[in-house]
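Asks: I am attaching a structure below and will ask some questions about it afterwards.
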Amino acid sequence: MLENEYLMQHYVRDRLGEARAIAAAAAVARHASTAIAPAGDDITYTTGRALDLRKVVALYRANHWSSADKPRELRRALRKADAVIAAWHGDDLVGLGYAISDGALVVYYPHLLVLPEYQGRGVGRAIVDRLRARYAGYHQHVLIADGRAVDFYRKCGFERAGRTEPMWIYAGADH
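Mapping of the sequence shown onto the numbering used here: position 14 corresponds to residue 45, and the numbering continues sequentially without gaps.
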């Protein structure tokens, strides 16, 4: 009997957690549909993996990311990503974010970049909101925030994961 009570408590807790996640995702989706850069910027957002590699590399270089030095690998990563959101000002690529997912529980956001002159204008937030809306209801949304971006990601709803410590094997030198 105790085992059944235990299972029922966990079932109810899980269903409540799912309901909260769905409600939060709906709020994110509502915000994503209106979270566009301030009027006058004429920023448009597209989904898809077919991007001009020269523009992508220029965006990475402008942010001093070492991935710019590996254009073939960068192109392959974007092609294999589960979702890609690009921000455009006319023909200029001004922001990019992408996600990798297991398709059910976990989504990882490896890269979010915005041209320095467009930072602080809502472009990054709009990309994050669109990605989060795409994965509404997932159990975990994971990223590794560079120290300079921690406050930004907190404003987007992310928080430190309990007492965890980020760990990696990294071949770059830009973090």
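All residues carry an ideal CB built from backbone N, CA and C; glycine is no exception.
1) Kindly indicate which residue of L144, A157, Y169, A164 has the alpha-carbon position closest to the one of D177.
2) So Y76 and A117 are supposed to be a Cβ contact under 8 Å. How far apart are they, rounded?
3) For L136, count the other beta carbons within 10 Å of its own beta carbon; 16 or more makes it buried, fewer makes it exposed. Which is it?
4) Relative to the C-alpha of H172, which candidate in V159, R179, A180, R152 has its C-alpha closest?
5) Return the first residue and the last residue of the alpha helix (DSSP H) that D123 is part of.
6) Provide the residue(s) that pair with L143 in DSSP beta bridges, ordered along the chain.
7) What number of angstroms, rounded off, separates the C-alpha of C187 from the C-alpha of R156?
8) Which residue marks the beginning of the beta strand (DSSP E) containing A202, and which one marks its end?
9) Tell me which residues share the same chain as A99 and place their Cβ nearer than 6 Å to its Cβ, disregarding the 5 neighbours each side in the sequence.
10) Only counting runs of 3 or more residues, tell me where the beta strand (DSSP E) segments fall wholly within the region 143 to 188, in order along the chain.
11) Which residues mark the beginning and the end of the alpha helix (DSSP H) in which A114 is found?
Replies: Reading off the structure:
1) L144
2) 7 Å
3) exposed
4) V159
5) Careful: D123 lies outside any alpha helix (DSSP H), inside the beta strand (DSSP E) at 123 to 132.
6) G128
7) 7 Å
8) From DSSP, A202 is part of no beta strand (DSSP E); its letter is neither H nor E.
9) V88, Y91, R92
10) 171 to 173
11) That residue, A114, is in no alpha helix (DSSP H); its beta strand (DSSP E) goes 114 to 120.
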